[in-house]
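> Following this message is one structure expressed as structure tokens.
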Ligand code: TYD
Ligand code: MG
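Following this line, the structure appears as structure tokens:
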């Protein structure tokens, strides 16, 4: 009997090689390669070669298509991220670290839909039915007619789902625990995860049910990363949060039916996840007023303005190479702002450690945060608190000029709504929005001007020796 050739598959990226190696050539991860059944065995029987093709009908591009019907989830923060609810027949992957709250969010969504009269099914491959029930009880959702099961066989699941009224929402928690008979690999391997996802996606497209797959993202190669599933599904959402904070941010990484720049904000409470409709208030709620090194950034996430505090600490270093640590912002952006401060504003930071933190566990991606970060850094270095009623936004160019940013008006409006009185912003924003928001706009043309202004405030404070 001929020996079956084995394939070696990287559990991180899915790359296949002919022999075992310690390091994956494709993604560079170590110890992620395991032996699996060859790829041809992982194809469903109908896709194996030798079968005569079936003739199917082709359709004109201009044919009639009804608008993708959406099902609102009952959680507006989730609908904001998906782009208005679950699309019929779509498959969504919800990724996130273990313990971040994926199961909690999904049992809440299932309960909301079930209460609204839709058929919602929750299948857990990780917890027993009793455990899911216990959680639902704690969340006060026991009354919702969600249908539960603890199952891991994809064939059994698809057979069960095909039976009776088509479900509107099916939650599979998690895709890593699912396995299918069609392939020989062990559950949790890339081949299994991919085939299981394929079978469930096929069911979703055929039946019109919306499916949410949960995927754990782990750094170590033991569990197949859901990355291999990402290109197969219609949308990928990631649930994020900083360990110590109660805030959880839901972000779309990929979305075939909606935007990818919106965020949903939740708070993990004893009663499950609570939606935060006005995140600015929360992110600013624990502000230290009158302390040097903090600046309020007027940002935009998707279509929603969001005010958040940026904290900086600049302290003399005791190390040969000073530390630069940043949480919630791009480290290369920080390096650029520091370089501009050194080159154009006479701020010497070579002998200082620099720490930058975005409050509340938020992650900022906009370049518009440059000005707020720079203001916080200089404020910390000069020991001069920034005015408590001011917000900052603007992009810093390498020449030290402050560039205009998009949606200035929305930023100013949000700041005015939360009681701020002035905005330090690019000159163009002042001209564009003059007199509209009721905020006093102090236009900043160059970073050097702003630095001089903050430094003067610090000197004044030192000579008069103001108490804190
Ligand atoms: P869980 O939804 O099980 O996370 P995941 O499915 O992403 O692994 O959430 C686990 C954490 O959430 C756990 O540390 C406890 C916490 N939690 C609360 O704080 N309040 C609650 O009401 C619930 C259900 C969980
Ligand atoms: Mg879970």
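Residue numbers (our numbering): 302 to 769.
The beta carbon of each residue, even a glycine, is placed where N, CA and C say it ideally should be.
Note that the coordinates shown come from a computational prediction; the quantities given were computed from them, not determined experimentally.
1) Does the Cβ of residue 474 lie closer than 7 Å to at least one heavy atom of ligand 2?
2) I'd like to know whether the C-beta atoms of residue 376 and residue 409 end up nearer to each other than 8 Å.
3) Under three-state DSSP, which class holds residue 436?
4) Look at the alpha carbon of residue 521 and the alpha carbon of residue 333, and state the distance between them as a whole number of angstroms.
5) For residue 749, which option in 604, 648, 693, 615 has the closest C-alpha, if you only look at C-alpha atoms?
6) Just the C-alpha distance for residue 765 and residue 561, rounded to the nearest angstrom, thanks.
7) Please list the terminal residues of the continuous alpha helix (DSSP H) segment that includes residue 507.
8) Considering only heavy atoms of ligand 1, does any lie closer than 7 Å to the CB of residue 399?
9) Taking 8 Å as the threshold, find out whether the region 714 to 733 comes into contact with the region 589 to 608 through three or more Cβ pairs.
10) I want to check one thing, is the minimum distance from the CB of residue 307 to the heavy atoms of ligand 1 below 7 Å?
11) Closest to residue 638 by CA distance: which of 601, 752, 724, 661 is it?
12) Three Cβ pairs or more, each shorter than 8 Å: is that satisfied between the region 427 to 446 and the region 392 to 403?
13) If you drop the 5 nearest sequence neighbours on each side, which residues of the same chain put their C-beta closer than 8 Å to that of residue 570?
14) I'd like to know if the region 461 to 481 and the region 497 to 506 are in contact, where contact means that at least 3 CB-CB pairs between them fall below 8 Å.
15) Ligand 2 and residue 411: does the residue's C-beta get closer than 7 Å to at least one heavy atom of that ligand?
16) Express the C-alpha separation of residue 675 and residue 516 in angstroms, rounding to a whole number.
17) With C-beta atoms as the reference, is residue 535 less than 8 Å away from residue 558?
18) Please report how far the alpha carbon of residue 616 lies from the alpha carbon of residue 758, in whole angstroms.
19) As an exercise, report each continuous beta strand (DSSP E) stretch of at least 3 residues that is fully enclosed by the region 614 to 651, in chain order.
20) Nearest-angstrom Cα distance between residue 308 and residue 665?
21) With 16 other CB atoms within 10 Å as the buried threshold, where does residue 657 fall?
22) Would you mind giving the Cβ-Cβ distance between residue 511 and residue 387, rounded to the nearest angstrom? I have them listed as a contact below 8 Å.
23) Quick check on this structure: which residue in 623, 319, 746, 633 has the alpha carbon closest to the alpha carbon of residue 701?
24) Closest to residue 372 by C-alpha separation, out of 403, 357, 418, 404, would be which residue?
25) Does the Cβ of residue 427 lie closer than 7 Å to at least one heavy atom of ligand 2?
26) Take the Cβ of residue 784 as the centre, count every other Cβ of all protein chains shown within 10 Å, and call the residue buried at 16 or more, exposed below.
27) CB residue 697 to CB residue 549, shorter than 8 Å?
28) Beta-carbon separation of residue 551 and residue 414 under 8 Å?
29) Alpha carbons only, please: which of 614, 314, 391 is nearest the one belonging to residue 684?
30) Mind checking whether residue 721 and residue 692 have CB atoms under 8 Å apart?
31) Determine the extent of the beta strand (DSSP E) in which residue 567 is found, giving its start and end residues.
32) Using only the heavy atoms of ligand 2, determine whether one of them is closer than 7 Å to the beta carbon of residue 404.
With the given structure in hand:
1) Checking every heavy atom of ligand 2 against the Cβ of residue 474, one is found closer than 7 Å.
2) It is a contact, given that the beta carbons lie within the stated cut-off.
3) DSSP, read as helix, strand or coil, puts residue 436 in helix.
4) Low per-residue confidence applies at residue 521: pLDDT is 48, beneath 50, and the placement is therefore not dependable enough to give any value.
5) For residue 749, the closest of 604, 648, 693, 615 by C-alpha to C-alpha distance is 648.
6) In this predicted model, residue 765 has a pLDDT of only 38, less than 50, meaning its place in the structure is not dependable enough to derive any value.
7) Where residue 507 is concerned, the enclosing alpha helix (DSSP H) starts and stops at 491 to 508.
8) Yes - ligand 1 has a heavy atom lying nearer than 7 Å to the Cβ of residue 399.
9) Three or more Cβ pairs closer than 8 Å define a contact, and the region 714 to 733 meets that threshold against the region 589 to 608.
10) Checking every heavy atom of ligand 1 against the Cβ of residue 307, none is found closer than 7 Å.
11) Considering only alpha carbons, the answer is 752.
12) Taking 8 Å as the limit for Cβ pairs, the verdict is that the region 392 to 403 does not touch the region 427 to 446.
13) Apart from sequence neighbours up to five positions away, the residues of its chain that approach residue 570 with a beta-carbon distance below 8 Å are 547, ordered along the chain.
14) At 8 Å Cβ cutoff, the stretches touch.
15) Answer for residue 411: no, Cβ out of range of ligand 2.
16) If you take the alpha carbons of residue 516 and residue 675, they lie about 38 Å apart.
17) Yes, they are a contact pair.
18) Across the structure, residue 616 and residue 758 are spaced so that their CA atoms are roughly 19 Å apart.
19) If one requires a minimum length of 3 residues, the beta strand (DSSP E) runs lying completely within the region 614 to 651 are 625 to 628, in chain order.
20) So the two alpha carbons sit approximately 41 Å from each other.
21) Looking at its Cβ environment, which holds 16 or more other Cβ atoms inside 10 Å, residue 657 is buried.
22) With a Cβ gap of about 4 Å, residue 511 and residue 387 count as contacting.
23) When only C-alpha atoms are compared, the closest one is 746.
24) Ranking 403, 357, 418, 404 by CA distance to the CA of residue 372 puts 418 first.
25) Residue 427: yes, Cβ under 7 Å from ligand 2.
26) The requested residue 784 does not occur in the structure, where the chain is confined to residues 302 to 769.
27) Cβ atoms of residue 697 and residue 549: not closer than 8 Å.
28) Not in contact: residue 551 and residue 414 (Cβ atoms no closer than 8 Å).
29) Distance from the Cα of residue 684 is smallest, within the candidate group 614, 314, 391, for 614.
30) Residue 721 is a Cβ neighbour of residue 692, given a cutoff of 8 Å.
31) Segment 564 to 570, the beta strand (DSSP E) holding residue 567.
32) Indeed, a heavy atom of ligand 2 lies less than 7 Å from the Cβ.
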